[in-house]
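The letter at position 76 of the sequence shown is residue 1468 when you use the numbering used here, and the numbering goes up by one with no holes.
In this text, a Cβ means the ideal position worked out from N, Cα and C, and glycines have one as well.
Please read all numbers here as calculations on a predicted model, not as lab measurements.
Each remark here refers to the structure printed beneath this line.
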Amino acid sequence: MAAIAVILDKRRENAEGNYPVKIRITNNQDNTCISLNVFLPAKSWIKNGVERPVKTSYPGAKVINDQIQSLFIEFRKKISDLELSGFCKNAKAPEIKKRLLDYKAIIQPSEKLFKFNK
1393 MAAIAVILDK
1403 RRENAEGNYP
1413 VKIRITNNQD
1423 NTCISLNVFL
1433 PAKSWIKNGV
1443 ERPVKTSYPG
1453 AKVINDQIQS
1463 LFIEFRKKIS
1473 DLELSGFCKN
1483 AKAPEIKKRL
1493 LDYKAIIQPS
1503 EKLFKFNK
């Protein structure tokens, strides 16, 4: 069964001391990530926040959390469709990522939040 999670990738600190927010896709002990092109300081991140992981004290947290939640739900629905079709049974995580990105049009709200890199 494929799973997705919203993560703060603490392995990749940028020059400002912020970390990228990503959606991690895991299937059959294989994983890959989709970068959301959002960078946050570690102190603004709620580790087990699931769909709303940004602390409300962070500027713009409501918008970021709403976008993450919307995308998370949409990807979860698409993964459910892929599982029902039998695609996920033997698929690697990068194959699922490709299907998700083909399915989802590039989102470009203000400040280029969530513009995907293919």
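query                                                                                            : result
Assigned secondary structure, R1468 (DSSP; H/G/I helix, E/B strand, else coil)                   : helix
Residue burial classification, N1406 (beta-carbon count within 10 angstroms, cutoff 16)          : exposed
CB of G1425 within 7 Å of CB of K1414, strictly                                                  : The question names Gly, but residue 1425 is Cys in the sequence shown. Contact: yes.
C-beta contact flag for I1471 and A1397 at 7 Å                                                   : no
Contacting residues, own chain, Cβ-Cβ under 7 Å from L1400 (five flanking each side not counted) : Y1411, V1413, L1432, A1434, W1437
DSSP-derived helix/strand/coil call for A1515                                                    : Nothing about residue 1515 can be reported from this structure: the residues present for the chain run from 1393 to 1510 only.
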